[in-house]
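Residue numbers (this note's numbering): -16 to 407.
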């Protein structure tokens, strides 16, 4: 059986194709007893899997039961009754006993002195209490309601086709909503600082875009797009702003804008003058080095612009380097003092794809991804073992690579990995 989402409720029902069961005489009636030709119907309602539920067997015409006779209700064998705690009737004085055979055949008789349902007992309905069924798949079968005498001879019976089926009921989807939580007005930032932009998105919208306005929302400039989380570390621009606002836009998988929210009020940015300090203090790490902190495993490239650029995964690191021999460990406080740059992408000449799409792309020297047309093209450009070179990257990194023209066998493409500019 296929997996069922936690948001889905599994329901089974017994559905009759006809509205009533026609009971007709099928054998001779014992002397002194009378069985009318009657109609009946089985009404199980809706049964939650593994949840006790009552089932009613009702007779549209009251029926008189032979001495020591029984009412027998037979469900499709696939119905799989697992528990019944009692059977009752408002028309019969005293209790009823029952026996469940093979999880589908229910025999009902009167309790007491062994006379079962005594002569002259007329019933309109029987209620089968606390019926429990197991998880099952779709099945179709017949069920019957019959009346038997003391020798188990069937004197009246009716049959209808029924179906035990599974129905998946999915609750309505959560309403789409988007709320910008920070900055939301009243904040004062200092230029070149970092602050966290945060938002809450409901309804399964996968991506978001962020915009900044310096004039209370008259115009906006893009900060970032294709964001899959709910926070973003924003480098505050070093300009004087008294009417700053942030706008967040949720975007579906097709790139369409879905919801928008804007800061409720304005925030300020204070411009700071660059202070140049000339001293003899040596930088703790040389530019163009591979570094990591003492307590964190992430590896960075510390560039000549004094920013640290992260390798998002080992796969990306190994596309540039064979080992971690050149990685320098620095104190966490030193690492934190370096500003954060962008993510490093796969080295030129790499072949990438995502797990949800079989298309293979080659990375060019400028970081652009190019779709490789087919296997012939892949073999011509990257050799017969091209398939073993393909790396599955995380979907969140897909948009780090601009898309270029498709590659064909005649394409000019350099697959040599250039040297990474690290200091020795």
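Quick reminder that beta carbons are idealized off the backbone N, C-alpha and C, glycines included.
Computed from a predicted model, the values in this text were never measured in an experiment.
Local conformation of residue i per DSSP, three classes
i: residue 146; result: For residue 146, the pLDDT reaches just 44, beneath the cut-off of 50, and the residue's location in the model is therefore unreliable, although a value from the coordinates is still provided. In this structure, residue 146 counts as strand in the three-state DSSP scheme.
i: residue 81; result: strand
i: residue 379; result: helix
i: residue 133; result: coil
i: residue 127; result: strand
i: residue 58; result: coil
i: residue 172; result: strand
i: residue 69; result: strand
i: residue 390; result: strand
Beta-ladder partner(s) of residue i, from DSSP
i: residue 163; result: 182
i: residue 92; result: 80
i: residue 396; result: According to DSSP, residue 396 bridges with nothing at all.
Cβ distance (whole Å) where residue i is taken to contact residue j below 8 Å
i: residue 175; j: residue 219; result: 7 Å
i: residue 65; j: residue 86; result: 7 Å
i: residue 79; j: residue 72; result: 6 Å
i: residue 160; j: residue 182; result: Not really, about 10 Å apart at Cβ, beyond 8 Å.
i: residue 329; j: residue 299; result: 5 Å
i: residue 70; j: residue 131; result: With a Cβ gap of about 16 Å, residue 70 and residue 131 do not count as contacting.
i: residue 221; j: residue 255; result: 6 Å
i: residue 226; j: residue 249; result: 5 Å
i: residue 356; j: residue 389; result: 6 Å
i: residue 310; j: residue 268; result: At roughly 11 Å, the Cβ-Cβ gap does not stay under 8 Å, so residue 310 and residue 268 are not in contact.
i: residue 52; j: residue 129; result: Not confirmed; about 10 Å, so no contact.
i: residue 224; j: residue 184; result: Not really, about 26 Å apart at Cβ, beyond 8 Å.
i: residue 228; j: residue 199; result: 6 Å
i: residue 158; j: residue 186; result: 6 Å
i: residue 274; j: residue 172; result: Not really, about 28 Å apart at Cβ, beyond 8 Å.
i: residue 247; j: residue 368; result: That pair is no contact at about 57 Å.
i: residue 396; j: residue 345; result: 6 Å
i: residue 331; j: residue 314; result: That belief does not hold up - the Cβ atoms of residue 331 and residue 314 are roughly 33 Å apart, past 8 Å.
i: residue 127; j: residue 57; result: 5 Å
CB contact below 7 Å: residue i versus chain D
i: residue 358; result: In the structure shown, chain D cannot be found, because there is only a single protein chain.
Residue ranges of each beta strand (DSSP E) run of no fewer than 3 residues wholly in the segment 221 to 301, ordered along the chain? Taking 3 residues as the shortest admissible run, the segment 221 to 301 contains the following complete beta strand (DSSP E) segments, listed from N- to C-terminal end: 224 to 234, 240 to 245, 250 to 253, 272 to 275, 282 to 285, 290 to 293.
So within the segment 303 to 377, which uninterrupted beta strand (DSSP E) runs reach at least 3 residues, ignoring any that extend past its ends? Correct list: 310 to 312, 322 to 326, 334 to 337, 340 to 346, 352 to 354, 373 to 375.
Extract the residue ranges of the beta strand (DSSP E) inside the segment 176 to 226, only unbroken runs of 3 or more that lie entirely within it. Complete beta strand (DSSP E) runs here, min 3: 177 to 185, 190 to 196, 204 to 210, 214 to 218.
Does the contact criterion of 3 or more C-beta pairs under 8 Å hold for the segment 280 to 289 versus the segment 321 to 328? The segment 280 to 289, when compared against the segment 321 to 328, does touch it at the 8 Å Cβ threshold.
Touching by the beta-carbon criterion (3+ pairs, under 8 Å), the segment 197 to 212 and the segment 267 to 285: no
Does the count of Cβ pairs from the segment 225 to 232 and the segment 242 to 255 closer than 8 Å reach three? Taking one beta carbon from each stretch, the segment 225 to 232 and the segment 242 to 255 have 3 or more pairs nearer than 8 Å; the two touch.
Under 8 Å, with one C-beta from each stretch per pair, do the segment 333 to 341 and the segment 364 to 375 reach the 3-pair mark? yes
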